[in-house]
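Every letter in the sequence shown is one number past the one before it in numbering that gives the first Met the number 0, and letter 27, counting from 1, is 26.
Think of the CB as a built atom: it goes at the ideal place given N, C-alpha and C, for glycine as much as any other residue.
Remember, predicted model here, so these are calculated numbers, not experimental data.
Taking it in order: structure first as structure tokens, then the write-up.
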Amino acid sequence: MIRPGQSVGIVGGGWLGVTLALRLAEAGVVVTMFEAATELGGLAAAWSIPTPTGDVTWDRYYHVTLASDSALRRLLADIGLDDTIAWTSTKTGYFSDGRLSPVSTPREFLALPGLSPLAKTRLAATILRGRTVRDWRTLEAVRVERWLTRWSGAETFRRFWVPLLEAKLGDAWPDANAAFIWATIQRLTAARRSGIRDERFGAVPGGYARVLATLAAHLAGLGATVRLGTQVAQVRQRADAGVTVTTDATSEDFDHVIITTTPRVAAALCPQLDDATRARMVAVRYRGVVCASVVLRRPLSPFYLTYLMDDLPFTAIVEMTTMIPPASVGGYTLVYLPRYCAPDDPMFDAPDAEIEAAFLAGLRQVHVVAPDDVVAVRIARAREVFPVPVLEYSELVPPVATGLTGVHLVSSAQIVNATLNVNETVGWAELALTELVVRPVPSTHQ
Ligand SMILES: Cc1cc2nc3c(=O)[nH]c(=O)nc-3n(C[C@H](O)[C@H](O)[C@H](O)COP(=O)(O)OP(=O)(O)OC[C@H]3O[C@@H](n4cnc5c(N)ncnc54)[C@H](O)[C@@H]3O)c2cc1C
Numbered sequence: 000m001i002r003p004g005q006s007v008g009i010v011g012g013g014w015l016g017v018t019l020a021l022r023l024a025e026a027g028v029v030v031t032m033f034e035a036a037t038e039l040g041g042l043a044a045a046w047s048i049p050t051p052t053g054d055v056t057w058d059r060y061y062h063v064t065l066a067s068d069s070a071l072r073r074l075l076a077d078i079g080l081d082d083t084i085a086w087t088s089t090k091t092g093y094f095s096d097g098r099l100s101p102v103s104t105p106r107e108f109l110a111l112p113g114l115s116p117l118a119k120t121r122l123a124a125t126i127l128r129g130r131t132v133r134d135w136r137t138l139e140a141v142r143v144e145r146w147l148t149r150w151s152g153a154e155t156f157r158r159f160w161v162p163l164l165e166a167k168l169g170d171a172w173p174d175a176n177a178a179f180i181w182a183t184i185q186r187l188t189a190a191r192r193s194g195i196r197d198e199r200f201g202a203v204p205g206g207y208a209r210v211l212a213t214l215a216a217h218l219a220g221l222g223a224t225v226r227l228g229t230q231v232a233q234v235r236q237r238a239d240a241g242v243t244v245t246t247d248a249t250s251e252d253f254d255h256v257i258i259t260t261t262p263r264v265a266a267a268l269c270p271q272l273d274d275a276t277r278a279r280m281v282a283v284r285y286r287g288v289v290c291a292s293v294v295l296r297r298p299l300s301p302f303y304l305t306y307l308m309d310d311l312p313f314t315a316i317v318e319m320t321t322m323i324p325p326a327s328v329g330g331y332t333l334v335y336l337p338r339y340c341a342p343d344d345p346m347f348d349a350p351d352a353e354i355e356a357a358f359l360a361g362l363r364q365v366h367v368v369a370p371d372d373v374v375a376v377r378i379a380r381a382r383e384v385f386p387v388p389v390l391e392y393s394e395l396v397p398p399v400a401t402g403l404t405g406v407h408l409v410s411s412a413q414i415v416n417a418t419l420n421v422n423e424t425v426g427w428a429e430l431a432l433t434e435l436v437v438r439p440v441p442s443t444h445q
């Protein structure tokens with residue numbers, strides 16, 4: 000157990016790492032965080048896209064905060080940012096058989112082309128069922144195809160659900176369990192369940208660049224050390240108690256070390272793991288993403304998110320500037336084109352220019368985009384973003400305890416009953432700490 004006054008090294012400065020660092024530093028623990036990249040934030044970090052009128056700085060991958068994201072909003076409140084969130088009601092589009100339709104309201108849903116009234120009724124029943132199921136563990140034992148076919152019917156499964164499953168899981172979707180769809184439906188309907196009338200989407204003005212800079216300042220104020228551009232090469236349990244973290248440049252000793260990377264990376268960092276723990280860690284299969292940020296001179300649509308039923312090089316269209324003011328990004332329109340795929344997908348090694356050409360050609364199948372409309376494109380790649388939710392996933396996940404004294408794993412792979420997002424990440428980091436940290440015993444003396 001970690002005690003106030005002890006030293007803790009944290010490997011990874013994504014949202015797991017920064018949440019652990021903040022809460023541990025607040026509890027009086029001496030924190031040192033190691034982040035391989037030159038900035039904090041991991042998948043939620045910001046970047047800059049050069050344009051003729053100056054750099055556009057926003058999140059490398061699109062991020063939205065929901066009004067119902069209670070763990071994240073508590074943390075933002077603690078660092079003085081929750082009140083600054085700018086909230087909007089967003090619209091959703093649906094592209095099928097070469098036609099773009101709105102699908103933001105029940106009336107628009109009923110008017111959707113390509114799905115019969117019976118198919119729509121069954122779809123609505125499926126979503127209602129997903130909303131009301133409480134025991135996600137039973138769904139984890141059922142293949143997603145079986146559950147969705149049962150509730151939506153074979154035709155609607157093929158026409159509606161398969162494109163959506165492929166959009167997120169690629170060719171791994173047949174392995175997915177039904178709790179994956181349950182978790183997606185739960186997130187989409189979280190507001191209603193938590194008593195909020197309308198789900199609103201929001202972002203802190205300045206995006207995650209501002210959130211992470213504010214967090215960094217808080218960490219510094221609490222005395223935490225953040226080592227950026229510092230890749231950890233090895234984590235070893237010492238014979239005389241304590242843990243040594245080795246980087247390219249140094250070795251440092253800590254009372255405890257928390258690794259926040261994917262289990263595969265954690266296994267590579269820890270040569271002393273026993274075979275069973277190592278096997279469990281490397282068995283978790285992740286999905287990655289290739290995502291284009293496209294800066295345009297004019298808006299494309301009123302839709303924050305457009306679902307794509309047709310086969311395109313990317314798997315959704317996210318028009319960020321329907322949610323944030325264009326002034327945040329130099330007055331331009333910012334559109335993200337993500338393609339979720341396996342970590343060994345050839346697209347990860349394809350040249351940027353090739354991906355840009357293919358993605359812009361795909362975008363022109365949905366919207367009219369003149370060559371002059373495109374101001375800049377930048378391609379981001381992450382080979383490991385979220386785990387494939389296979390059957391009985393929660394039974395297979397590697398635990399926090401690694402078998403090495405003082406070495407703990409707090410990983411996105413352990414988020415088992417939810418979609419991956421910053422709110423769940425913050426919530427999981429805080430929950431894991433309740434098991435890892437000895438709370439000071441309240442004094443009985445006044
Ligand atoms: C395309 C996309 C869209 C998303 N949309 C949303 C959204 O709308 N809303 C939302 O809430 N969330 C969204 N998310 C999810 C959110 O970004 C993640 O859930 C969250 O950022 C994960 O944080 P993490 O700490 O688990 O992992 P990561 O961010 O991956 O952090 C791990 C960190 O460890 C570091 N690291 C790895 N190995 C080492 C090493 N050896 N030494 C030192 N450091 C190391 C990495 O550099 C990285 O910074 C999205 C993610 C993506 C990719």
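For this session: Would you mind working out which of Val-141, Arg-380, Phe-313 and Leu-15 sits nearest Pro-162, comparing C-alpha positions?
Result: Of the candidates Val-141, Arg-380, Phe-313 and Leu-15, Phe-313 places its Cα closest to the Cα of Pro-162.
For this session: From the DSSP output, in three-state form, read off Ile-316 for me.
Result: Three-state result, Ile-316: strand.
Exercise. What are the partner residues of Ala-202, as DSSP defines its beta bridges?
Worked result: Residue pairing by DSSP places Ala-202 opposite Ala-85 in a beta bridge.
Exercise. The beta strand (DSSP E) with Met-346 in it runs from where to where?
Worked result: No beta strand (DSSP E) holds Met-346; DSSP gives it neither H nor E.
For this session: Return yes when the C-beta of Pro-446 is under 7 Å from any heavy atom of ligand 1, and no when it is not.
Result: A query on residue 446 cannot be resolved here, the shown segment of the chain reaching from 0 to 445 and no further.
Problem set entry | Local conformation of Asn-176 per DSSP, three classes | In this structure, Asn-176 counts as strand in the three-state DSSP scheme.
Problem set entry | Own chain residues within Cβ distance below 8 Å of Thr-18, not counting five before or after | Excluding residues within five positions, the ones whose Cβ falls inside 8 Å are Leu-74, Thr-424, Val-425, Ala-428 and Glu-429.
Exercise. According to the Cβ coordinates, are Ala-44 and Leu-211 closer than 8 Å?
Worked result: Yes, the Cβ-Cβ distance between Ala-44 and Leu-211 is below 8 Å.
Exercise. Who does Ala-379 pair with in a DSSP beta bridge?
Worked result: Within the DSSP secondary-structure output, Ala-379 pairs in a beta bridge with Cys-290.
For this session: Say yes only if the C-beta of Ala-381 is nearer than 7 Å to one or more non-hydrogen atoms of ligand 1, and no if none qualify.
Result: Within the cutoff, so yes.
For this session: Pick helix, strand or coil for Leu-19, following the three-state DSSP scheme.
Result: Three-state DSSP puts Leu-19 in a helix.
Problem set entry | C-alpha gap between Arg-186 and Pro-397, whole angstroms | If you take the alpha carbons of Arg-186 and Pro-397, they lie about 24 Å apart.
For this session: Could you check how far apart the C-beta atoms of Ile-78 and Leu-221 are, in whole angstroms? I think they sit under 8 Å.
Result: Ile-78 to Leu-221, Cβ: 11 Å. No contact.
For this session: Check whether the Cβ of Asn-416 lies closer than 7 Å to any heavy atom of ligand 1, and answer yes or no.
Result: Checking the Cβ of Asn-416 against ligand 1 gives no.
Problem set entry | Residue range of the unbroken alpha helix (DSSP H) whose run includes Gln-447 | What the structure shows of the chain is the stretch from 0 to 445, and residue 447 is not part of that stretch, so it cannot be assessed.
For this session: Kindly indicate which residue of Thr-89, Glu-34, Tyr-93 and Leu-21 has the alpha-carbon position closest to the one of Thr-305.
Result: The shortest C-alpha to C-alpha distance from Thr-305 to any of Thr-89, Glu-34, Tyr-93 and Leu-21 is the one to Tyr-93.
Problem set entry | C-alpha distance - Val-28 paired with Val-421, whole-angstrom precision | Approximately 24 Å between the Cα atoms of the pair.
Exercise. Heavy atom of ligand 2 less than 7 Å from the Cβ of His-62, yes or no?
Worked result: With respect to small molecules bound, the structure shown includes ligand 1 and not ligand 2.
Problem set entry | Burial state of Glu-391 (16 or more Cβ within 10 Å) | Result: exposed.
Exercise. Do the region 3 to 15 and the region 32 to 49 touch if we need at least three Cβ pairs shorter than 8 Å?
Worked result: Yes, the region 3 to 15 is in contact with the region 32 to 49.
For this session: Answer yes or no: do Ala-352 and Ile-48 have a C-beta to C-beta separation smaller than 8 Å?
Result: No, these two residues do not count as a Cβ contact at 8 Å.
Exercise. In whole angstroms, what separates the C-alpha of Met-319 from that of His-62?
Worked result: Separation of Met-319 and His-62 (C-alpha to C-alpha, rounded to the nearest whole angstrom) is 9 Å.
Exercise. Got a sec, what are the start and stop residues for the beta strand (DSSP E) Pro-98 sits in?
Worked result: According to the sequence as given, residue 98 is Arg; it is not Pro. Taken as a continuous stretch (DSSP letters only), the beta strand (DSSP E) holding Arg-98 covers 98 to 101.
Exercise. Leaving out the 5 sequence neighbours to the left and right, which residues in its chain are closer than 8 Å to Glu-434 when beta-carbon positions are compared?
Worked result: Excluding sequence neighbours, Glu-434 sits near Val-399.
Exercise. Short check: CB of Ala-265 to CB of Ile-258, under 8 Å?
Worked result: In this structure, Ile-258 lies closer than 8 Å to Ala-265 by Cβ.
Exercise. Expressed to the nearest angstrom, what Euclidean distance is found between the alpha-carbon atoms of Arg-133 and Gly-329?
Worked result: C-alpha separation (whole angstroms): 45 Å.
Problem set entry | Cβ-based burial, Pro-262 [other Cβ within 10 Å; buried from 16] | Pro-262 comes out buried.
For this session: Please classify Trp-150: is it buried, with 16 or more other beta-carbons within 10 angstroms of its beta-carbon, or exposed?
Result: By the 10 Å Cβ count, Trp-150 comes out buried.
For this session: Could you check the C-alpha separation between Thr-418 and Trp-14 for me, to the nearest Å?
Result: Roughly 15 Å separates the two Cα atoms.
Exercise. How many angstroms separate the CA atom of Ala-219 from the CA atom of Val-30?
Worked result: Between the alpha carbons of Ala-219 and Val-30 lies a distance of about 10 Å.
Exercise. From the DSSP output, which residues share a beta bridge with Val-374?
Worked result: Paired residue(s): none; Val-374 is not in a bridge.
Exercise. Taking DSSP as the reference, what is the three-state secondary structure of Ile-78?
Worked result: If DSSP states are grouped into helix, strand and coil, Ile-78 belongs with coil.
Exercise. Is any heavy atom of ligand 1 found at a distance shorter than 7 Å from the C-beta of Trp-14?
Worked result: Yes, the beta carbon of Trp-14 sits closer than 7 Å to at least one heavy atom of ligand 1.
Problem set entry | Bounding residues of the beta strand (DSSP E) (the contiguous stretch that carries Arg-149) | Looking at the DSSP string, Arg-149 is not in any beta strand (DSSP E); the run it does join, the alpha helix (DSSP H), is 143 to 151.
Exercise. Do Asp-310 and Ser-95 have their CB atoms nearer than 8 Å?
Worked result: No, these two residues do not count as a Cβ contact at 8 Å.
Problem set entry | Contact check, Val-436 vs Ile-1, beta carbons under 8 Å | In contact: Val-436 and Ile-1 (Cβ atoms closer than 8 Å).
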